[in-house]
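Peer 1: Just dropping this structure here.
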Amino acid sequence: MRYVVMGVSGCGKSRIGTDFAKAIGARFVDGDALHPEANIAKMSRGAPLDDTDRAPWLDRVGQVLQAEDTVVACSALKRIYRDRTRAMAGAPVVFLYLRGKRETLLKRMATRPGHFMPVSLLDSQLATLEPPGEDEAHRVADIEARPAAIVRQFKAAV
Numbered sequence: 697m698r699y700v701v702m703g704v705s706g707c708g709k710s711r712i713g714t715d716f717a718k719a720i721g722a723r724f725v726d727g728d729a730l731h732p733e734a735n736i737a738k739m740s741r742g743a744p745l746d747d748t749d750r751a752p753w754l755d756r757v758g759q760v761l762q763a764e765d766t767v768v769a770c771s772a773l774k775r776i777y778r779d780r781t782r783a784m785a786g787a788p789v790v791f792l793y794l795r796g797k798r799e800t801l802l803k804r805m806a807t808r809p810g811h812f813m814p815v816s817l818l819d820s821q822l823a824t825l826e827p828p829g830e831d832e833a834h835r836v837a838d839i840e841a842r843p844a845a846i847v848r849q850f851k852a853a854v
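So for the sequence shown, my numbering puts the first residue at 697; every next one is plus one.
This is the structure:
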């Protein structure tokens, strides 16, 4: 199976993705590592990515998902991004959505050392976010829960 741990910056995609992949015996890939250098430079300057910027990144995420038993951390903020990723993967993908309050996200982002994503971009991500629709294969967890509880919840649901 193929999974994308999704949500805005600071929600815990990398942590939950790593732990979930380990729990189900899958490979984990952090989507941040798949960004073209131009995207990282743009975000580091405090500029949000647009759909054109995200296209090659989403294609890379989809290519990684062509392999079975893979978990990728990827924001997947819009429906069209998830559709593109699914199409490139060429197989069913389940999106594991980490939902959280702005205040919690800000606090987490402020304490992350060395990440290229500045706190100033959180509001643009929240404005862009389209939670998964009922017709999309997905599960939702609240980030206020402990990471181990979120992983157990996702593992039990898939």
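Backbone N, C-alpha and C fix where the C-beta goes; we use that ideal spot for every residue, glycine too.
In the DSSP assignment, find the unbroken beta strand (DSSP E) run with T766 in it and report its ends.
Peer 2: Taking the first residue of the sequence shown as 1, we reach residue 766 at position 70. Per DSSP, T766 belongs to the beta strand (DSSP E) from 766-769.
Peer 1: For A689, name the three-state secondary structure that DSSP assigns.
Peer 2: Nothing about residue 689 can be read from this structure; the chain reaches only from 697 to 854.
Peer 1: Assuming contact is defined by CB atoms lying nearer than 8 angstroms, are V704 and Q821 in contact in what I supplied?
Peer 2: Reading the sequence shown from its first residue, position 8 is the one you call residue 704. Reading the sequence shown from its first residue, position 125 is the one you call residue 821. For V704 and Q821, yes; Cβs fall inside 8 angstroms.
Peer 1: When you compare the CB positions of Y793 and P843, do they come within less than 8 angstroms of one another, or not?
Peer 2: As a first step, residue 793 must be located in the sequence shown, where it is residue number 97. As a first step, residue 843 must be located in the sequence shown, where it is residue number 147. Contact flag unset, no.
Peer 1: Expressed to the nearest angstrom, what Euclidean distance is found between the alpha-carbon atoms of K718 and A853?
Peer 2: Position 22 of the sequence shown holds residue 718. Position 157 of the sequence shown holds residue 853. Taking the straight line joining both Cα atoms gives about 16 angstroms.
Peer 1: Check R750 in the structure and name its three-state DSSP category.
Peer 2: Taking the sequence shown and counting its residues from 1, one reaches residue 750 at position 54. In this structure, R750 counts as helix in the three-state DSSP scheme.
Peer 1: May I ask you to report which of helix, strand or coil DSSP gives D831?
Peer 2: Along the sequence shown, read from residue 1 onward, the residue named residue 831 stands at position 135. DSSP places D831 in coil when its eight states are reduced to three.
Peer 1: Pull the bridge partners of V790 from the DSSP assignment, please.
Peer 2: Translated into the one-based positions of the sequence shown, residue 790 becomes position 94. In the DSSP output, where bridge partners are listed per residue, V790 has Y699.
Peer 1: May I have the straight-line CA-CA distance separating T781 from V768, to the nearest angstrom?
Peer 2: Along the sequence shown, one-based indexing puts residue 781 at 85. Along the sequence shown, one-based indexing puts residue 768 at 72. So the two alpha carbons sit approximately 11 angstroms from each other.
Peer 1: Tell me whether the region 720-735 and the region 753-764 touch, counting them as touching only if at least three CB pairs, one residue from each stretch, are closer than 8 angstroms.
Peer 2: yes
Peer 1: Is the distance from the Cβ of V789 to the Cβ of L825 below 8 angstroms?
Peer 2: The count along the sequence shown starts at 1 and reaches residue 789 at position 93. The count along the sequence shown starts at 1 and reaches residue 825 at position 129. Contact: no.
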